[in-house]
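Visitor: Starting off with a structure, shown below.
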Amino acid sequence: GSFLGWDSVISVVVMAAPKITLTYFNIEAAAEKVRLALVMTGTPFEDKRINFDEWGALKPTTPYGQLPLMTVTNADGSTKTFAQSVAMMRWVARKFDATNTLYPAEPDIMLEIEEVIGLSDDLQKAWQPALYMGMGRHTSYGHPAEWSEKAEVVKKLREGFLQESLPKFMEFFTKKLQATGAFFCGDKPTIADLQILAQLRYFTKGVADHVPADCLSPFPVIMDWMKKMHQIPQIKAWYKLEDGGY
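1440 is the number of the first residue of the sequence shown in my numbering; add one for each residue after it.
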């Protein structure tokens, strides 16, 4: 009987957490929600950040020619490589969240979470043309490579986003937060909160031309929620925030 007991112990050790490497550029952007899910679940991972020069050689080796990239090495030595950041975030939360609160499998709760993630995705779609036009991708929208009106159009698009789309989505978000009095889907943070935190941090950095760092200040419920998120111990430690910081 004791041998069976030891076998059980050995099998548990063999089933130890896989080694996870997350590869992205040295920015937050698409990878940050995945990093936050790993951080919130206390899952060790290699946060591999490459520069844009290294990307040229790496790109042909990726499944879809894009980052982030997640490599999972299991205890038996087998490896799997994944792309698609939202899939990674969901997987991490479902697999490693011992509290089962970040992404519960219960259908009604999952529906609430997925609705908010969809709303966040819609906000990203609304911002995308203004973002991409300023990133040299204007040719994808039918404009010539040498386009004298580019700067003027980028300014117009980004100012239009701040005046129309951003307030619209912040009102949607505000209503969700007011309904719960805490986080987007209840009294505990979920992956919806992680995705939106990473998304909105970008707009408060002042890194995009014509998008001032205080663009979210007209939305106090959103700002209070961001402060609350940054005070979660794992997130506070991740961003190395001082007490009262953010």
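The beta-carbon is built from N, C-alpha and C at its ideal position, and this holds for glycine as well.
1) Tell me whether the beta-carbon of Leu-1461 lies closer than 8 Å to the beta-carbon of Val-1473.
2) Looking only at C-alpha atoms, which of Glu-1471, Glu-1610, Asp-1486, Thr-1518 sits nearest to Leu-1655?
3) Going by CA-CA distance only, name the one from Asp-1492, Pro-1507, Trp-1664, Ile-1661 that's closest to Ile-1459.
4) Could you spell out the range, first to last residue, of the beta strand (DSSP E) harbouring Phe-1521?
5) What are the complete beta strand (DSSP E) segments, minimum 3 residues, inside the stretch 1452-1522?
6) Could you give the DSSP three-state label for Gly-1599: helix, strand or coil?
7) How would you call Thr-1518, buried or exposed, if buried means at least 16 neighbouring beta carbons within 10 angstroms?
8) Only counting the same chain, and skipping five residues up and downstream in sequence, which positions put a Cβ closer than 6 Å to that of Thr-1540?
9) Please report the distance separating the alpha-carbon of Met-1668 from that of Ser-1587.
10) If you compare alpha carbons, which of Gly-1481, Val-1646, Lys-1595 is closest to Ala-1537?
11) Does DSSP put Phe-1622 in a helix, a strand or coil?
12) Buried or exposed: which applies to Glu-1646, given that a residue is buried once 16 or more other Cβ atoms fall within 10 Å of its Cβ?
13) With DSSP as the reference, label Met-1574 as helix, strand or coil.
14) Measure the alpha-carbon distance for Leu-1556 versus Ile-1635 and round it to whole angstroms.
15) Keeping to the same chain, check which residues put their C-beta closer than 6 Å to that of Leu-1625; ignore five residues upstream and five downstream.
16) Rounded C-beta distance between Gln-1550 and Ile-1674? I'm assuming under 8 Å.
17) What three-state label does DSSP hand Gly-1557 in the structure shown?
18) Could you pull the start and end residues of the alpha helix (DSSP H) that Ile-1674 belongs to?
19) Could you give the residue range of the alpha helix (DSSP H) that holds Ala-1652?
20) Could you pull out every residue in the same chain whose Cβ sits closer than 6 Å to the Cβ of Met-1509, ignoring the five residues on either side in sequence?
21) Is the beta carbon of Trp-1664 sitting closer than 8 Å to the one on Ser-1604?
Guide: Per the coordinate set shown:
1) Residue numbering aside, residue 1461 sits at position 22 when the sequence shown is read from its first letter. Residue numbering aside, residue 1473 sits at position 34 when the sequence shown is read from its first letter. Here Leu-1461 is near Val-1473, since their CB atoms are less than 8 Å apart.
2) Indexing the sequence shown from 1 puts residue 1655 at position 216. Check the Cα spacing between Leu-1655 and each of Glu-1471, Glu-1610, Asp-1486, Thr-1518: the tightest is with Glu-1610.
3) Numbered from 1 along the sequence shown, position 20 holds the residue referred to as residue 1459. Of the candidates Asp-1492, Pro-1507, Trp-1664, Ile-1661, the one whose C-alpha sits nearest the C-alpha of Ile-1459 is Pro-1507.
4) Counted from its first residue, the sequence shown places residue 1521 at position 82. Counting along the chain, the beta strand (DSSP E) containing Phe-1521 begins and ends at 1518-1521.
5) Listed in chain order, the complete beta strand (DSSP E) runs (minimum 3 residues) inside the stretch 1452-1522 are 1458-1464, 1485-1489, 1508-1512, 1518-1521.
6) Locating residue 1599 in the sequence shown gives position 160, where the first residue counts as 1. Helix at Gly-1599.
7) Within the sequence shown, numbered from 1, the residue matching residue 1518 stands at position 79. Exposed, because fewer than 16 other Cβ atoms sit within 10 Å of the Cβ of Thr-1518.
8) As a first step, residue 1540 must be located in the sequence shown, where it is residue number 101. Lys-1627, listed in sequence order.
9) Within the sequence shown, the letter at position 229 stands for residue 1668. Within the sequence shown, the letter at position 148 stands for residue 1587. Their backbone Cα atoms lie some 42 Å apart in a straight line.
10) The residue you call residue 1537 lines up with position 98 of the sequence shown. That would be Gly-1481, whose Cα lies nearest to the Cα of Ala-1537.
11) For the purposes of this step, residue 1622 is taken as residue 183 along the sequence shown, with counting starting at 1. In the structure shown, Phe-1622 adopts extended strand secondary structure according to DSSP, grouped into three states.
12) Indexing the sequence shown from 1 puts residue 1646 at position 207. The amino acid at residue 1646 is misidentified as Glu; the sequence shows Val. Exposed is the call here.
13) Within the sequence shown, numbered from 1, the residue matching residue 1574 stands at position 135. Secondary structure of Met-1574 (DSSP, three-state): coil.
14) In the sequence shown, residue 1556 corresponds to position 117, counting from 1. In the sequence shown, residue 1635 corresponds to position 196, counting from 1. One point to set straight first is that residue 1556 is Ile, not Leu, in the sequence displayed. Spanning the two alpha carbons is a distance of roughly 8 Å.
15) Residue mapping note: residue 1625 aligns to position 186 of the sequence shown, counting from 1. Just to set this straight, residue 1625 is Gly in the shown sequence, not Leu. The residues Thr-1619, in chain order, have a CB closer than 6 Å to that of Gly-1625 in the same chain once the five nearest residues on each side in sequence are set aside.
16) Here residue 1550 is taken as the residue at index 111 of the sequence shown, counted from 1. Here residue 1674 is taken as the residue at index 235 of the sequence shown, counted from 1. This sequence places Leu at residue 1550; Gln is not what is there. That belief does not hold up - the Cβ atoms of Leu-1550 and Ile-1674 are roughly 25 Å apart, past 8 Å.
17) Taking the first residue of the sequence shown as position 1, residue 1557 is located at position 118. Of the three classes helix, strand and coil, the one that applies to Gly-1557 here is helix, per DSSP.
18) One-based indexing of the sequence shown puts residue 1674 at position 235. For Ile-1674, the enclosing alpha helix (DSSP H) begins and ends at 1672-1677.
19) The residue you call residue 1652 lines up with position 213 of the sequence shown. Element bounds for Ala-1652: n/a, residue is neither H nor E.
20) Position 70 of the sequence shown, counting from 1, holds the residue named residue 1509. Spatial neighbours of Met-1509 in its own chain (CB-CB distance under 6 Å, excluding positions within 5 residues in sequence) are listed in chain order as Leu-1461, Phe-1521, Met-1527.
21) Locating residue 1664 in the sequence shown gives position 225, counting from the first residue. Locating residue 1604 in the sequence shown gives position 165, counting from the first residue. Result no, Cβ atoms of Trp-1664 and Ser-1604 do not sit closer than 8 Å.
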